[in-house]
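Position one of the first sequence corresponds to residue 20 (the working numbering), numbered consecutively onward. Glycine included, every Cβ here is placed at the ideal spot set by N, Cα and C. Small disclaimer: the values here were computed from a predicted structure and weren't measured.
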Amino acid sequence: MPELPEVETVTMGLKPVMEGHRFTHVETRRGDLRVPFPNDFAGRLTGRRVEKLWRRAKYIMGTLDDGETLVIHLGMSGRMSVHAEGGQRTLGQYVQNLAGAGTGKHDHVVMDTDAPARIVFNDHRRFGLMLLVPTDELTGHKLFRGLGVEPLSDDLDAALLKSALKGKKTPIKSALLDQRVIAGLGNIYVCEALWRARISPKRLAAKVNTDQIKRLVPAIKQVLKEAVKAGGSSLRDHKRVDGELGYFQKSFAVYDREGAPCPRCKCKVKRIVQAGRSTFYCAKCQR
DNA sequence: AGGTCAACCTGAGCGC
DNA sequence: TGCGCTCAGGTTGACC
């Protein structure tokens, strides 16, 4: 499901029931996610208070009151849902009914907080993960030490991107998917950003010129901001924590639109495969 | 060193 | 209905 806008949407949805709240009960249903749960995950989480809930790249991070941080990744198909007694309008946001919550086939983790609310992690492909990492070891942790710049921060500018792409012989499409360059972009928003910046996905990263980089940086930021505002893109799996769909997919210019007209020049959108992933682009206006 | 690609899983959609 | 095939928003480790 998730790229940065979807993870941001989910994080914001979890905040009211997690931040400042304590876990009263935690249960894992099956341990064989691709990355197994840490030892006694439920026991270590129970009774802990979440001091701060935030996002880094495509990870949801919960800083706990005991010096550990809860790290959540949704993989390709992970969902988080929030349930409470009485359903809608509880807690100042829309939440789902409590009845039956956490009993689904792929509901892997059920977490109750003193909001009170029940949070369910569902992931049918099991590519997601939940870990506990000592907070003071986060920066050096394997998952985070190599991560690139946050695209929505002021740190990402033309100069930084230019130096990050310097000497890279891989296509720009693949370079932007590399989390060590920019952290949080995925297949959808890379395609969309390249279209907005009128850059061919096949162009070698090192050959993206200064003018193009100056278009690419705002294109990335704008497409992400618009998608966050729309609640992310719901293609197959993504839902907000209240079960509603994001609607940014209605705004795609090229992604998943093979054969449809390019909104700019009306040429047919092409689909190619790069590094094993679909790329959608307009061969006429992306150079 | 740096880049590509299969593998990890399940489910949905499509053609037959 | 059902089978077989392809594809899916991510990440990683094995391999050129």
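Inter-residue distance for Glu156 and Phe163 is about 10 Å (C-alpha atoms, whole angstroms). If you keep only unbroken alpha helix (DSSP H) runs of at least 4 residues inside the stretch 30-100, you get 60-64. Within the same chain, Cβ atoms closer than 8 Å to the Cβ of Ala225 are found at Leu184, Lys185, Gly186, Lys187 and Lys188, the five residues on either side in sequence being excluded. In the displayed model, Ile291 falls within a strand according to three-state DSSP.
With fewer than 16 other beta carbons inside 10 angstroms of its own, Lys285 counts as exposed.
The Cβ-Cβ distance between Val242 and Glu277 does not fall below 8 Å. Sequence-distant Cβ neighbours of Leu166 in its own chain, meaning closer than 8 Å and more than five residues away, are Arg75, Ala76, Gln198, Arg199 and Ala202. Only residues of its own chain outside the window of five on either side were considered, and among them Gln293 and Ala294 have a CB closer than 7 Å to the CB of Ser193, listed in chain order. With a 10 Å radius around the Cβ and a threshold of 16 neighbouring Cβ atoms, Asp85 comes out exposed.
Restricting attention to alpha helix (DSSP H) runs no shorter than 4 residues, the stretch 210-259 encloses them at 229-248, ordered along the chain. Using a Cβ distance threshold of 8 Å, Met99 and Val29 count as a contacting pair. Secondary structure of Thr298 (DSSP, three-state): strand.
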